[in-house]
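Following the working numbering, the residues of the sequence shown are numbered contiguously, the last one being 101. Below is one structure, written out as structure tokens; comments come after it.
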Amino acid sequence: MTLTTIFRVIAFLEGLSYILLLFIAVPIKYINSDPQYVKMLGMPHGLLFMGYIALAIVLRTDNQWIKNNFFAVILASVIPFGTFVVEYKLKKFNNN
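Right under this line is the structure:
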């Protein structure tokens, strides 16, 4: 498994955890006064986020697409659904 493949998996999982946190856990926290889901999803999301950023920095030297779009790749980590776009475009770039 290449580092780029690992990055794509991390990007997908980070995006999924972010969506679940924003659109499921946070509304439940404020509507039902139940912070359990935010606590449950917060740590995995934080670890995936740090892994995403770290791998993006490492791959910046190895992968031309990430190097050319580095700031967009980093910005995508804080925009909902952004990492899904990065994962898709990276897959498309590496297949060419």
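Virtual Cβ for every residue (Gly too), placed ideally from N, Cα, C. These numbers were taken from a predicted model, which means no experiment stands behind them.
Rounded C-alpha distance that separates residue i from residue j
i: threonine 66; j: valine 14; result: 19 Å
i: leucine 21; j: proline 49; result: 11 Å
i: isoleucine 24; j: threonine 7; result: 26 Å
i: leucine 95; j: tryptophan 70; result: 7 Å
i: phenylalanine 28; j: lysine 72; result: 31 Å
i: leucine 26; j: glycine 47; result: 7 Å
i: alanine 16; j: tyrosine 57; result: 6 Å
i: leucine 52; j: glutamine 41; result: 18 Å
Residue span of the alpha helix (DSSP H) that contains residue i, given as start and end
i: isoleucine 62; result: 41-67
i: isoleucine 11; result: 8-25
Three-state class that DSSP yields for residue i in the structure shown
i: phenylalanine 86; result: coil
i: asparagine 100; result: helix
i: asparagine 37; result: helix
i: asparagine 73; result: helix
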